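Peer 1: Residue numbers (this note's numbering), protein chains in the order written: chain A, 1 to 237; chain B, 1 to 339.
Even glycine gets a Cβ: it sits at the ideal position worked out from N, Cα and C.
It should be emphasised that the depicted structure is a prediction, and the values quoted were computed from it without experimental measurement.
Quick one: the structure is below, questions incoming.
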Amino acid sequence: MLLVAPTAHEAAAIGNGALVCGAGPRAAAAVSAMLSDGGAGLVLVAGVCGGLDPSLAPGDLVLARRAVSVSGGEMFTQGALFEAARRAMRSSGLGFVSSSLFTTGRPVADRAEKTALWNAHGAGGVDMETYGVAQTADAHGVPWLALRAVLDPAHAGLPASLRGWQGEGDAAVLRRAVRRPLEWPSYARLALAMRRATRSLRTALPAVIASVEDALDPEVASGTPIAVLPIPRSVAT
Amino acid sequence: MGIPLRQAIAVSAYLLKQKITGARRYPLVLMLEPLYRCNLACAGCGKIQHPEPVLNTYLSPEECWAAAEECGAPVVSIAGGEPLVHPQIDRIVDGLVQRRKFVYLCTNAILLERGLPKLKPSPYLTISVHMDGLRDLHDAMVDRAGVFDKAVAGIREAKRLGFRVSTNTTIFADSKPEQIRDLFNFLIDDLHVDGMMVSPGYDYPKAPNQRVFLKRPQMIETFRSILSFPDRRRWRFFHTPLFLDFLQGKQAMQCTAWGNPTRGVLGWQRPCYLMAEGYVPTFRQLIDETEWDRYGYGRDARCANCMAHCGYEATAVKATMASPLEGVRAGLGTLAGKA
Numbered sequence: 001m002l003l004v005a006p007t008a009h010e011a012a013a014i015g016n017g018a019l020v021c022g023a024g025p026r027a028a029a030a031v032s033a034m035l036s037d038g039g040a041g042l043v044l045v046a047g048v049c050g051g052l053d054p055s056l057a058p059g060d061l062v063l064a065r066r067a068v069s070v071s072g073g074e075m076f077t078q079g080a081l082f083e084a085a086r087r088a089m090r091s092s093g094l095g096f097v098s099s100s101l102f103t104t105g106r107p108v109a110d111r112a113e114k115t116a117l118w119n120a121h122g123a124g125g126v127d128m129e130t131y132g133v134a135q136t137a138d139a140h141g142v143p144w145l146a147l148r149a150v151l152d153p154a155h156a157g158l159p160a161s162l163r164g165w166q167g168e169g170d171a172a173v174l175r176r177a178v179r180r181p182l183e184w185p186s187y188a189r190l191a192l193a194m195r196r197a198t199r200s201l202r203t204a205l206p207a208v209i210a211s212v213e214d215a216l217d218p219e220v221a222s223g224t225p226i227a228v229l230p231i232p233r234s235v236a237t
Numbered sequence: 001m002g003i004p005l006r007q008a009i010a011v012s013a014y015l016l017k018q019k020i021t022g023a024r025r026y027p028l029v030l031m032l033e034p035l036y037r038c039n040l041a042c043a044g045c046g047k048i049q050h051p052e053p054v055l056n057t058y059l060s061p062e063e064c065w066a067a068a069e070e071c072g073a074p075v076v077s078i079a080g081g082e083p084l085v086h087p088q089i090d091r092i093v094d095g096l097v098q099r100r101k102f103v104y105l106c107t108n109a110i111l112l113e114r115g116l117p118k119l120k121p122s123p124y125l126t127i128s129v130h131m132d133g134l135r136d137l138h139d140a141m142v143d144r145a146g147v148f149d150k151a152v153a154g155i156r157e158a159k160r161l162g163f164r165v166s167t168n169t170t171i172f173a174d175s176k177p178e179q180i181r182d183l184f185n186f187l188i189d190d191l192h193v194d195g196m197m198v199s200p201g202y203d204y205p206k207a208p209n210q211r212v213f214l215k216r217p218q219m220i221e222t223f224r225s226i227l228s229f230p231d232r233r234r235w236r237f238f239h240t241p242l243f244l245d246f247l248q249g250k251q252a253m254q255c256t257a258w259g260n261p262t263r264g265v266l267g268w269q270r271p272c273y274l275m276a277e278g279y280v281p282t283f284r285q286l287i288d289e290t291e292w293d294r295y296g297y298g299r300d301a302r303c304a305n306c307m308a309h310c311g312y313e314a315t316a317v318k319a320t321m322a323s324p325l326e327g328v329r330a331g332l333g334t335l336a337g338k339a
């Protein structure tokens with residue numbers, strides 16, 4: 001199984017052997033390289049997302065049964081794997097929804113835009129990688145799953161200085177924040193939400209991983225430990 | 001919201017109690033269906049396709065009262081089927097009123113004039129008459145001539161006898177905004193109803209006519225048109241302002257399916273009033289054993305075109321309680337008698 005997270009911060013925080021695939025469109029290329037190098041029985045994308053479903057709070061989880069692109073493309077998870085993961089999460093008592101993830105090329109920071117995306121697509125969350133990674137996995141003949149935790153809920157926006165974020169690391173984000181004192185309360189809320197989100201992922205992932213490993217074809221799953229693939233230097237952030 | 005002050009206070013106190021006790025899922029309105037038998041076969045109805053033995057089964061008054069007590073919701077909406085077909089509907093209503101439940105007796109009004117003498121006016125009882133349009137549109141939607149005139153006569157008589165009367169209008173593909181505007185003006189200005197409810201039709205797979213249903217984007221457009229008429233200022237809705245915002249696409253909301261649990265002749269219906277995936281014998285089982293994460297807009301394809309008040313009004317009420325500004329907005333609406 002290949003467990004990937006978009007940023008180094010997310011990968012380190014969620015643990016479970018997650019590798020960094022990079023944020024935005026480059027994630028797909030990185031995952032493609034990883035799959036070409038090592039092969040895997042499943043690609044699992046984990047990380048944070050913006051909330052579109054207004055019932056979700058920071059830290060709530062979205063288990064995707066479908067990924068949707070800006071152009072209207074759709075990718076669906078393999079039913080048996082999805083159900084295995086869903087059952088595992090349900091039996092472990094975690095708060096989550098089974099929904100879709102909408103993938104876009106930039107952060108969706110505006111509340112009105114989130115409402116419009118929710119009305120148009122009904123996706124639980126918005127991210128910048130899932131659809132591309134799902135397409136890549138599919139091209140390699142590998143099933144995929146995505147588990148995201150809500151960072152900024154549907155009723156909240158992001159700090160204005162994060163609207164152009166394209167995967168820069170923590171130090172770059174900190175530099176932006178320092179220059180804008182008026183946004184410090186928003187950044188503080190975001191930092192707390194990030195802790196909650198990564199804690200949810202870290203808690204949920206072992207159950208999900210165990211369940212999908214059981215559900216995978218034994219011939220594919222056996223002997224493929226989690227996270228043994230090398231990290232391509234070009235995408236490590 | 002335009003709901004009566006007494007009801008607004010009781011519902012607010014109930015919600016506050018749920019918040020203080022930390023209840024995660026709690027009902028707001030019990031959807032009570034003491035029978036599925038109806039004297040109409042409306043184009044957009046998905047409730048009357050049960051087999052004859054089920055249509056011939058009625059809940060007893062005792063079963064209805066037990067359901068209300070088990071569930072604990074402050075409001076009970078008696079639907080069906082046509083409740084006035086039930087031979088003991090007066091006893092059912094009396095028992096619920098005695099239990100201080102705010103009862104909405106939903107009816108197509110064909111039997112209303114005949115049934116009114118058996119009912120007693122009460123601040124806890126509202127007769128909610130199904131009205132989908134003025135004469136031509138309404139009679140077409142219920143597939144029988146003369147029903148509109150009967151409903152109007154029933155409303156006038158109910159008002160004369162001192163009953164609180166509201167109406168329930170379902171918006172379908174054939175409902176033109178101008179027709180709905182004219183209907184609302186008639187209901188408020190001519191019939192002087194106490195309040196109106198409005199909801200988009202749910203695309204029941206079993207409904208006789210599938211062409212009548214709107215898709216979600218068209219619903220939003222239609223409601224924007226309806227609610228942008230200047231006449232809107234005079235209309236009294238029994239809805240929160242947030243729900244009306246949601247219908248116009250201005251407010252993102254997720255369905256709160258457990259907010260309006262349904263008790264019918266087959267048991268507690270899972271997961272909601274509009275979808276029937278099975279029945280359980282107790283309310284507690286419904287709440288505890290239903291996989292709620294699977295249902296709602298974006299989660300289940302059957303919910304894609306649902307914006308019905310039985311799913312979203314509970315969300316709006318909770319959001320109103322959570323926001324001081326929205327609370328003030330709704331409170332002003334209640335005091336002014338408008339939404």
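1. Do the region 1-13 of chain A and the region 162-176 of chain A meet, that is, are 3 or more Cβ pairs less than 8 Å apart?
2. Alpha carbon to alpha carbon, how far is residue 111 of chain A from residue 151 of chain B? Give it in angstroms, no decimals.
3. Could you name the residues of the region 247-258 of chain B whose beta carbon sits closer than 9 Å to any beta carbon of chain A, in the order they occur along the chain?
4. Following the continuous alpha helix (DSSP H) through residue 124 of chain A, name the residue where it begins and the one where it ends.
5. Starting from residue 58 of chain B, trace the alpha helix (DSSP H) both ways and give me its first and last residue.
6. Given that a residue counts as buried once 16 or more other Cβ atoms are within 10 Å of its Cβ, and exposed if not, what is residue 206 of chain B?
7. Three or more C-beta pairs under 8 Å: does that hold for the region 253-271 of chain B against the region 65-72 of chain A?
8. Beta carbon of residue 79 of chain B, beta carbon of residue 106 of chain B: below 9 Å?
9. Taking the alpha carbon of residue 50 of chain A as the point to measure from, which residue in A/214, A/147, A/169 has its own alpha carbon closest?
10. Output needed in chain order: residues of the region 291-306 of chain B with a Cβ under 7 Å from some Cβ in chain A.
11. At least one CB of chain B closer than 9 Å to the CB of residue 76 of chain A: is that the case?
12. Opposite residue 36 of chain A in the DSSP bridges: which residues?
13. In chain B, which residues lie less than 7 Å from residue 55 of chain A when you measure between Cβ atoms?
14. Label residue 192 of chain B either buried or exposed according to how many other C-beta atoms from any shown protein chain fall within 10 Å of its C-beta, with 16 as the threshold for buried.
15. Count Cβ pairs between the region 166-178 of chain B and the region 285-303 of chain B that sit closer than 8 Å; are there 3 or more?
16. Just to confirm before moving on: does the CB-CB distance between residue 39 of chain B and residue 85 of chain B stay below 9 Å?
17. Name the two residues that bound the continuous beta strand (DSSP E) containing residue 152 of chain A.
18. Using DSSP with H/G/I as helix, E/B as strand and the rest coil, what is residue 82 of chain B?
19. Around the Cβ of residue 233 of chain A, are there at least 16 other Cβ atoms within 10 angstroms (buried) or fewer (exposed)?
20. Is the CB-CB distance between residue 77 of chain B and residue 127 of chain B below 9 Å?
21. Would you grab the beta carbon distance between residue 174 of chain B and residue 212 of chain B for me? Rounded to a whole angstrom, and I think it's under 8 Å.
22. Taking Cβ positions only, does residue 263 of chain B come closer than 9 Å to chain A?
23. Taking only beta carbons into account, state which residues of the region 1-34 of chain B come closer than 7 Å to chain A, listed in chain order.
24. So the beta strand (DSSP E) residue 239 of chain B belongs to, where does it begin and stop?
25. Just checking: is the beta-carbon of residue 118 of chain A within a distance shorter than 9 Å of some beta-carbon in chain B?
26. Does the CB of residue 96 of chain A have a neighbour CB from chain B at under 9 Å?
27. Let me know the alpha helix (DSSP H) ranges lying completely inside the region 134-211 of chain A, each 4 residues or longer, listed in chain order.
28. Within 9 Å of any Cβ in chain A, is that where the Cβ of residue 216 of chain B sits?
29. Beta-carbon separation of residue 215 of chain B and residue 305 of chain B under 9 Å?
30. Using a 10 Å radius around the Cβ and a threshold of 16 neighbouring Cβ atoms, would you call residue 228 of chain B buried or exposed?
31. Within a Cβ cutoff of 8 Å, which residues of the same chain sit near residue 5 of chain A, ignoring the five residues on either side of it in sequence?
32. If you count every other CB in all the chains shown that lies within 10 Å of the CB of residue 211 of chain A, and 16 or more means buried, which is it?
33. Where does the unbroken alpha helix (DSSP H) through residue 307 of chain B begin, and where does it stop?
34. Please list the terminal residues of the continuous alpha helix (DSSP H) segment that includes residue 110 of chain B.
35. Should residue 190 of chain A be labelled buried (16 or more other beta-carbon atoms within 10 Å of its own) or exposed?
36. Bridge partners of residue 44 of chain A, per DSSP?
Peer 2: Looking at the coordinates:
1. Cβ pair count under 8 Å is three or more, so yes.
2. Computed Cα separation, rounded: 44 Å.
3. Flagged, chain order: 249, 250, 251, 252, 253, 254, 255, 256.
4. That residue, residue 124 of chain A, is in no alpha helix (DSSP H); it is neither H nor E in DSSP.
5. No alpha helix (DSSP H) contains residue 58 of chain B, which DSSP labels as neither H nor E.
6. Answer is exposed; the Cβ neighbour count stays below 16.
7. Contact fails: fewer than three Cβ-Cβ distances are below 8 Å.
8. At the C-beta level, residue 79 of chain B and residue 106 of chain B come within 9 Å of one another.
9. Closest option to residue 50 of chain A, Cα to Cα, is A/147.
10. For the region 291-306 of chain B, the set of positions with a beta-carbon nearer than 7 Å to some beta-carbon of chain A reads 291, 293, 294, 297, 298, 299, 304 in chain order.
11. Chain B, which has no Cβ nearer than 9 Å to the Cβ of residue 76 of chain A, makes this no.
12. Per DSSP, none; premise fails for residue 36 of chain A.
13. Going along chain B in sequence order, the residues near residue 55 of chain A (Cβ under 7 Å) are 254.
14. Classification of residue 192 of chain B: exposed, given that the 10 Å Cβ count is below 16.
15. No, they do not touch.
16. Yes, the Cβ-Cβ distance between residue 39 of chain B and residue 85 of chain B is below 9 Å.
17. Segment 144-152, the beta strand (DSSP E) holding residue 152 of chain A.
18. DSSP, reduced to helix, strand and coil, places residue 82 of chain B outside both helices and strands of the structure shown, so it counts as coil.
19. With a pLDDT of only 37 at residue 233 of chain A, under the threshold of 50, the placement of this residue in the model should not be trusted; the figure read from the coordinates follows. By the 10 Å Cβ count, residue 233 of chain A comes out exposed.
20. Against a cut-off of 9 Å, the Cβ pair of residue 127 of chain B and residue 77 of chain B comes out as no contact.
21. Contact flag correct, Cβ pair sits at about 6 Å.
22. Residue 263 of chain B has a beta carbon lying at 9 Å or more from every beta carbon in chain A.
23. From the region 1-34 of chain B, no residue has a Cβ closer than 7 Å to chain A.
24. Careful: residue 239 of chain B lies outside any beta strand (DSSP E) and carries neither H nor E.
25. Under the Cβ distance rule, residue 118 of chain A counts among the residues neighbouring chain B, one pair being separated by less than 9 Å.
26. The Cβ of residue 96 of chain A sits closer than 9 Å to at least one Cβ of chain B.
27. Secondary structure remark: continuous alpha helix (DSSP H) runs of at least 4 residues inside the region 134-211 of chain A, in chain order: 170-178.
28. So yes, residue 216 of chain B belongs to the interface.
29. Yes; because the gap between Cβ atoms is below 9 Å, this pair is in contact.
30. Burial call: exposed.
31. Taken in chain order, the residues that qualify are 11, 14, 18, 19, 20, 21, 45, 46, 47.
32. Residue 211 of chain A counts as buried, since at least 16 other C-beta atoms from the protein chains shown sit within 10 angstroms of its C-beta.
33. From DSSP, residue 307 of chain B is part of no alpha helix (DSSP H); its letter is neither H nor E.
34. From DSSP, residue 110 of chain B is part of no alpha helix (DSSP H); its letter is neither H nor E.
35. Here residue 190 of chain A is buried: its Cβ has 16 or more other Cβ atoms, across all protein chains shown, within 10 Å.
36. According to DSSP, which records beta bridges pairwise, residue 44 of chain A is partnered with A/3, A/145.
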